[in-house]
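Enquirer: Numbering (our numbering), first residue to last: 989 to 1471. Glycine included, C-beta positions come from ideal geometry on N, C-alpha and C. The structure under discussion is supplied below as structure tokens; questions concerning it will follow.
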RNA sequence: GGCGGCAUAGCCAAGUGGCUAAGGCGGCGGUCUGCAAAACCGCUAUUUGGGAGUUCGACUCUCCCUGCCGCCUCCA
């Protein structure tokens, strides 16, 4: 496996810290609002990374934090007239609703800043004792000049940054690039006691404290959006390595941005789409598929037309699966012909290509291409074989399910079997029975060549969002999609 | 100002120093079907923003230009 490492600016062979195990930390959201599509990209992508490691047989420990106290939360709470900690708790819950919808698996640990204040204080004390941090009137700053490697992740030197700095400088800082580890509380703000007086953690320190606590130094993979490279991740490295004297993380991965009209989607520009809103228009699984259809380091332009186009492709995969699982309940033969063997060999080939694509820096876009190849091979096979070979069919479903285990574009049961969610109609049993009844009536009409009646039923159901397909194995129906 | 990235068909999007430049959407033609839908088959980039260079050979490497974008400030 090769991974593009932001730290070295090139693809590197992945060698885990411990054989067969992967330790991953991904920067999670600051919980002051619903998440938007830009937040969803790293979520979905790193979930896919994790899934792929699991698919490859690695034992994965996956940690994703919540930054549940900081300036943005406090400001938002003031606007809303709500307690900051209550507000962030609320958005943690909302976060899970969106993440679950996007079929993002829960992390093994979802640490929150407010539950790790002790760890953070201990880490800051260590930094002060080692001469890497200093106290100023209840604030604690990290001394960037004490850390020789500062700038190694973002590829800049302190001199360069000072030359280009556009920030007003706090005169108490030794260097303009020094950043806060601990912020003294202002009146009315949530605060925790500390050796330097009541206050709260600065923005970057929590990720160092929590990742070191749960994953240890020199853990395997640290991920997040491109915009976190500087200063967030640069600062994490400085703090962590200054404290432990060991390398912090081995591989750094950063996803590119979601853009809108080619411009970065961001909260400050106001051009963001909440996952909550997008879910109204599209299946969240389609959104997930769309997010994975571009390589993670490339920008991805978001607009409804493009998601809709992706949705039509996704539908093709879904149709293929429906046909496959339908065939499993039909007539099958045990005999394996030479044609079956050739087909099985092609399946194996596609599976290999899929894995090769994923092995190459998680190229989900390429991998999805092979997913389509699989669907086409399978559709053709079923079209050609009136009575398909059981082994071939079972193998097809196995490969299909395996790909989905990685990409997560269809819901599954606990065993990983794909569940097409529109089959058990949400309308309930009565509606289902009525549909079945109508289909029987239509079938009778068809056998009498009463096409007018048959078509009237089909058109009528279509208007109600029920799509009918006549196949050699009989008529089947599905819910039309809303987008 | 400093640092970095991107430019592939109508749209989305991979890949490669020489072998047919994947795949998807859309479109067109066909097969199947009572008609549809779904599916399948064929066609849809003699060419990879523009120019120069390196090379036997570049879309892929180098330089220049153009256009777009990002980071340097909260941001995934």
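In the DSSP assignment, what residue or residues form a beta bridge with residue 1406?
Expert: Among the bridge pairs identified by DSSP, residue 1406 is matched with 1400.
Enquirer: Note down the Cα distance separating residue 1123 from residue 1129, rounded to an integer number of angstroms.
Expert: 6 Å
Enquirer: Mapping the DSSP letters down to three states, classify residue 1023 as helix, strand or coil.
Expert: coil
Enquirer: Any idea if residue 1335 is buried or exposed, counting beta-carbon neighbours within 10 angstroms, 16 or more meaning buried?
Expert: buried
Enquirer: Run the CB neighbour count on residue 1039, radius 10 Å, all protein chains shown included, and call it buried at 16 or more, exposed below.
Expert: buried
Enquirer: Based on Cα-Cα distance, which residue from 1117, 1355, 1305, 1082 lies nearest to residue 1227?
Expert: 1117
Enquirer: Looking only at C-alpha atoms, which of 1305, 1243, 1006, 1341 sits nearest to residue 1398?
Expert: 1305
Enquirer: Just tell me which of 1145, 1199, 1330 has its CA closest to the CA of residue 1101.
Expert: Closest option to residue 1101, Cα to Cα, is 1199.
Enquirer: Which class does residue 999 belong to by DSSP, given the choice of helix, strand or coil?
Expert: strand
Enquirer: For the pair the segment 1359-1375 and the segment 1281-1298, tell me if three or more CB-CB distances fall below 8 Å.
Expert: no
Enquirer: Residues in its own chain within less than 7 Å of residue 1322 by CB, not counting five upstream and five downstream?
Expert: Taken in chain order, the residues that qualify are 1378.
Enquirer: Which whole runs of the alpha helix (DSSP H) in the segment 1269-1345 are 4 residues long or more, in chain order?
Expert: 1272-1280, 1292-1316
Enquirer: Can you find at least 3 beta carbon pairs, one from the segment 1307-1314 and one from the segment 1063-1083, that sit closer than 8 Å?
Expert: no
Enquirer: Do residue 1055 and residue 1231 have their C-beta atoms within less than 7 Å of each other?
Expert: no
Enquirer: Could you give the first and the last residue of the continuous alpha helix (DSSP H) run that contains residue 1430?
Expert: 1417-1435
Enquirer: Pick out whichever of 1139, 1283, 1393, 1345 has its Cα sitting closest to the Cα of residue 1030.
Expert: 1283
Enquirer: Can you check which of these residues, 1020, 1353, 1213, is closest to residue 1078 by C-alpha distance?
Expert: For the residues 1020, 1353, 1213, the minimum Cα distance to residue 1078 belongs to 1020.
Enquirer: Going by C-alpha distance, which of 1340, 1024, 1058, 1369 is nearest residue 1255?
Expert: 1024
Enquirer: What are the boundary residues of the beta strand (DSSP E) that includes residue 1046?
Expert: First-last for residue 1046: undefined, no H or E at that position.
Enquirer: Would you kindly check if the distance between the Cβ of residue 1369 and the Cβ of residue 1391 is under 7 Å?
Expert: no
Enquirer: The alpha helix (DSSP H) with residue 1089 in it runs from where to where?
Expert: For residue 1089, the enclosing alpha helix (DSSP H) covers residues 1072-1089.
Enquirer: Name the two residues that bound the continuous beta strand (DSSP E) containing residue 1209.
Expert: 1207-1213
Enquirer: For residue 1005 and residue 1235, I'd like the C-alpha separation in whole angstroms.
Expert: 12 Å
Enquirer: Looking at the secondary structure, which residues open and close the beta strand (DSSP E) in which residue 1014 lies?
Expert: 1009-1014
Enquirer: Take the Cβ of residue 1411 as the centre, count every other Cβ of all protein chains shown within 10 Å, and call the residue buried at 16 or more, exposed below.
Expert: Confidence at residue 1411 is low in this model, with a pLDDT of 48, below 50, so the placement of that residue is unreliable and no value is reported for it.
Enquirer: Taking DSSP as the reference, what is the three-state secondary structure of residue 1500?
Expert: Here the chain has residues from 989 to 1471 only, and residue 1500 is not among them.
Enquirer: Residue 1445 and residue 1434 - do their beta-carbons sit closer together than 7 Å?
Expert: no
Enquirer: Using three-state DSSP, classify residue 1246 as helix, strand or coil.
Expert: strand
Enquirer: For the beta strand (DSSP E) containing residue 1351, name the first residue and the last one.
Expert: Element bounds for residue 1351: n/a, residue is neither H nor E.
Enquirer: Hey, would you say residue 1178 sits closer than 7 Å to residue 1073, going by beta carbons?
Expert: yes
Enquirer: Just verifying my parser: in three-state terms, what is the DSSP assignment at residue 1359?
Expert: helix
Enquirer: Helix or strand or just coil, what does DSSP make of residue 993?
Expert: strand
Enquirer: Report the rounded CA-to-CA distance for residue 1012 versus residue 994, giving the unit in angstroms.
Expert: So the two alpha carbons sit approximately 15 Å from each other.
Enquirer: Anyone know if the C-beta pair for residue 1463 and residue 1427 falls short of 7 Å?
Expert: yes
Enquirer: Roughly how many whole angstroms lie between the Cα atoms of residue 1245 and residue 1215?
Expert: 8 Å
Enquirer: Going by DSSP, name the residue or residues bridged to residue 1219.
Expert: DSSP output for residue 1219 lists no bridge partner at all.
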